[in-house]
Amino acid sequence: MIVPITQDRWTSARKALDETGDRFAELLERAARTTSNATRDWSVADTAAHVATLARIYASIVDANGRPYPFPGAENLVNETVVDTVDDFNEELLGEFTERDPEKIGRVLRADLDTILQVTEGADPAAAIPWLGGSEVPLAGVLAHLVNEFQIHGRDVALAAGSPWVVPPEEAGLFFDLFLLGVTHYGYGRLLDGHGPAPKGRVAVEFSSKFTSTRVMALTDGFVTVEEPGGGPVDVRLSFNPVTLNLMLFGRISKARAAFTGGVVLRGGRRPWTLPSFLRIVRLPS
């Protein structure tokens, strides 16, 4: 099983979405009067609104009954957005969602999460869902992506407000197992367009963690695939804590800090120097 979409993993994703969404909404109440920015460009209110727009979009895309998109032109925007234009995607959605009271946003967000959980009750977690840039993601991966948004932006808001924010590594691992492997295996469409010339030949990176499955992501002449371990030579072997890996992939901590803290460890491979060229192609918005 390339993408480990087991019933247990599906149940874990639903539970993490429900509980982390509640924690995020509660955090917004505590941070409502915070004047510090949560990110370089966004206030706490903007950050809350950003997460709320994603939840509202996802309530549409996961609904098998064809729930209309909540914002004008949103369906086309989803289809046309790639990694390098995610900032434009976010700003356009923020222009459509005008609420900026964090406490009110928390209530709206909680209602949309309830909708997501309701319409996906009993659904096939492996069902392919259209996503950004013409890609497809398993349904379980869509939920895992939203869990990660809560985790990453919850940290942003908590740092601004001086509040605690803890992410269990087993819940952070849902992003790797269900979303990252899922979108790569199901078909990432134009999502990675714009990276410039890809390295020629094959670069294979093995990712291992006690909180996730072990998989190899192979970049072959610019095309990325997911493989079971043991299927071919490995150029780079990485072990990781999912919390640290996600923070690194989304630009919250540097690669040097991730390595220094032991959250992402290079454990060898036949050509470890090829990792930077791999990460230049296989990237996430930061």
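Everything in the sequence shown is counted per our numbering, starting at 246 for the first residue and increasing by one.
Positions of the beta carbon are idealized from the N, C-alpha and C atoms, including for glycine.
Simplified DSSP state of residue i, which is helix, strand or coil
i      : result
Pro521 : helix
Leu529 : coil
Val509 : strand
Ala309 : coil
Val248 : coil
Ser257 : helix
Pro317 : coil
Arg278 : coil
Asp291 : helix
Asp286 : coil
Gly266 : helix
C-beta contact flag for residue i and residue j at 8 Å
i      : j      : result
His430 : Val248 : yes
Ala443 : Leu425 : no
Gln396 : Val382 : no
Met187 : Val527 : This structure cannot speak to residue 187, because the chain is shown only from 246 to 531.
Asp401 : Thr284 : yes
Ala258 : Leu358 : no
Trp255 : Ala372 : no
Val328 : Leu262 : no
Phe495 : Ser531 : yes
Ile250 : Leu423 : yes
Residue closest to residue i, alpha-carbon to alpha-carbon, out of the options
i      : options                           : result
Leu520 : Leu492, Val481 and Ala504         : Val481
Asp286 : Ala277, Asn335, Ser257 and Thr251 : Asn335
Tyr433 : Glu415, Arg515, Gly441 and Val469 : Val469
Asp438 : Thr326, Glu415 and Ala261         : Thr326
Val448 : Asp466, Lys455, Gly367 and Gly441 : Asp466
Notebook entry, point to check: Of all the alpha helix (DSSP H) runs that stay within the bounds of the stretch 325-377, which reach a length of 4 or more residues?
Noted result: 331-341 and 347-364
Next item on the list: Would you mind listing the beta strand (DSSP E) stretches within the stretch 428-504 that are 3+ residues and don't spill past its ends, in chain order?
Entry: 447-453, 460-465, 468-472 and 481-485
Next item on the list: Tell me, please, whether the stretch 390-408 touches the stretch 258-273 by the rule of three or more beta-carbon pairs shorter than 8 Å.
Entry: yes
Margin query: Threshold first: 3 residues or longer. Then list the beta strand (DSSP E) segments lying entirely within the stretch 374-412, N to C.
Written below: Runs found: 381-383.
Note to self: Does the structure place the stretch 302-310 close enough to the stretch 371-381 that three or more beta carbon pairs sit under 8 Å?
What the structure shows: yes
Next item on the list: Determine, using beta-carbon pairs with one atom in the stretch 467-482 and one in the stretch 500-507, whether at least three such pairs fall under 8 Å.
Entry: no
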